[in-house]
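Have a look at the structure below before the remarks.
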Amino acid sequence: MNNPLGLRIVTTTVAGVMVISMVACSKTVDTTGTPAPTISVGTEIDDSVVTTRVKTALLDHIDIKGFDIQVETRKGEVMLSGFVANQGQVDQALAVTKGIEGVTSVLNKLSLKEGAATTVGNKIDDSVITTQVKSALLADASINGLDITVTTRKGEVQLSGFVNNQGQMDRAAEVARGVEGVSQVANDMSLKK
Numbered sequence: 001m002n003n004p005l006g007l008r009i010v011t012t013t014v015a016g017v018m019v020i021s022m023v024a025c026s027k028t029v030d031t032t033g034t035p036a037p038t039i040s041v042g043t044e045i046d047d048s049v050v051t052t053r054v055k056t057a058l059l060d061h062i063d064i065k066g067f068d069i070q071v072e073t074r075k076g077e078v079m080l081s082g083f084v085a086n087q088g089q090v091d092q093a094l095a096v097t098k099g100i101e102g103v104t105s106v107l108n109k110l111s112l113k114e115g116a117a118t119t120v121g122n123k124i125d126d127s128v129i130t131t132q133v134k135s136a137l138l139a140d141a142s143i144n145g146l147d148i149t150v151t152t153r154k155g156e157v158q159l160s161g162f163v164n165n166q167g168q169m170d171r172a173a174e175v176a177r178g179v180e181g182v183s184q185v186a187n188d189m190s191l192k193k
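Taking the UniProt record's numbering, the leading residue of the sequence shown gets 1, the next gets one more, and so forth.
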C-alpha cells in the first residue's frame with residue numbers, strides 16, 4: 001500500500017481484532033464454585049488500553065525503572081507491582097499512573113529492593129524461579145494462573161493480580177512456596193470487584 005492513511009487503518013483494524021481475540025481467549029472457568037464478577041469485553045479492552053498507557057508513561061519517565069514495574073488493570077483500577085530502588089520511584093510511579101486517562105484508582109503493591117545489587121547470576125536464578133512458579137500456577141486447576149503476575153528478586157517471589165476469591169489467593173501462595181529456590185512469598189493479589 002502506498003497510502004499511509006490506508007496502512008494506518010489496516011494496522012489499527014488488525015490490532016483491534018488481535019486485542020479482542022486475546023481478551024476472548026483469556027476467559028477461563030472457575031472451578032472453586034465462587035462465581036467471578038462479570039466484566040464485559042468492552043471493559044476488558046478499555047482496561048488493556050489503560051494498562052498500555054500506564055506502562056508507556058512509566059517507561060517514558062526517566063526517573064522510573066518502568067521495566068521493573070508490572071501493571072494490571074481491572075475496571076479502571078490499576079495495580080502496580082514489582083521491585084523498585086527507592087521510595088521516590090514509588091511516589092513517581094503512583095503520580096504518573098494517577099495522571100493517566102481512564103485510571104479510577106491505583107493499588108500500590110510495589111516493593112523496595114533491599115540489599116546489594118543483583119548480579120547476572122541472581123537474575124538468571126530469579127528468572128528460572130519465576131518461570132517455575134508461573135508454570136506451577138498454570139498447572140493448578142483451582143487457580144487461573146493467567147490472572148497472576150509473578151516477579152522474583154533474590155528468591156523472593158511477589159504474586160500480584162486480580163483473583164476471584166481468597167481461596168485462590170491462598171492456594172497461589174501455597175503453590176509458589178512449594179517451588180524450589182523460593183525463599184519468601186509476598187502475596188500482593190487483590191480480589192476482583
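Note that CB positions come from ideal geometry on N, CA and C, so glycine has one too.
A quick note: this is a predicted structure, and the numbers were derived from the prediction, not measured.
- Rounded to whole angstroms, the separation of the alpha carbons of Val-133 and Glu-77 is 25 Å.
- Setting aside the 5 residues that flank it on each side, Asp-63 is surrounded in the same chain by Gln-92, each with a C-beta closer than 6 Å to its C-beta; the list follows chain order.
- Annotated three-state conformation of Asp-188 is strand, per DSSP.
- For secondary structure counted as the beta strand (DSSP E) over 3 or more consecutive residues, the region 128-159 holds these complete runs in sequence order: 148-153.
- Separation of Leu-94 and Val-179 (C-alpha to C-alpha, rounded to the nearest whole angstrom) is 32 Å.
- Rounded to whole angstroms, Glu-156 and Ser-105 show a C-alpha spacing of 27 Å.
- Approximately 6 Å separates the beta-carbon atoms of Leu-80 and Thr-97; this is inside 8 Å, confirming the contact.
- In the DSSP assignment, Val-78 falls within the beta strand (DSSP E) that extends over 77-84.
- Around the C-beta of Lys-193, fewer than 16 other C-beta atoms lie within 10 Å, and the residue is accordingly described as exposed.
- Burial of Gln-158 is indicated by the presence of at least 16 other C-beta atoms within 10 angstroms of its C-beta.
- Following the DSSP letters along the chain, one finds Lys-109 inside the beta strand (DSSP E) bounded by residues 105-112.
- At least 8 Å separates the beta-carbon of Val-84 from that of Ile-100.
- Nearest neighbour of Thr-52 by Cα position, chosen from Gly-102, Val-185, Asn-165 and Asp-147, turns out to be Gly-102.
- Within the same chain, Val-133, Ala-136, Leu-137, Asp-140 and Ile-143 come within 8 Å of Val-175 by CB-CB distance, once the 5 residues on both sides are set aside.
- Counting the other Cβ atoms within 10 Å of the Cβ of Thr-152 gives 16 or more, which makes it buried.
- Between Glu-72 and Thr-149, the beta carbon gap of about 6 Å places them in contact (Cβ cut-off 8 Å).
- Rounded to whole angstroms, the gap between the alpha carbons of Asn-187 and Asp-60 is 28 Å.
- DSSP places Gly-161 within a strand segment (E or B) once states are collapsed to three.
- Sequence-distant partners of Val-163 (beyond 5 residues in either direction) whose C-beta falls short of 6 Å from its own C-beta, in its chain, are Asp-147, Met-169 and Met-189.
- C-alpha of Arg-74 to C-alpha of Gln-87: approximately 25 Å in a straight line.
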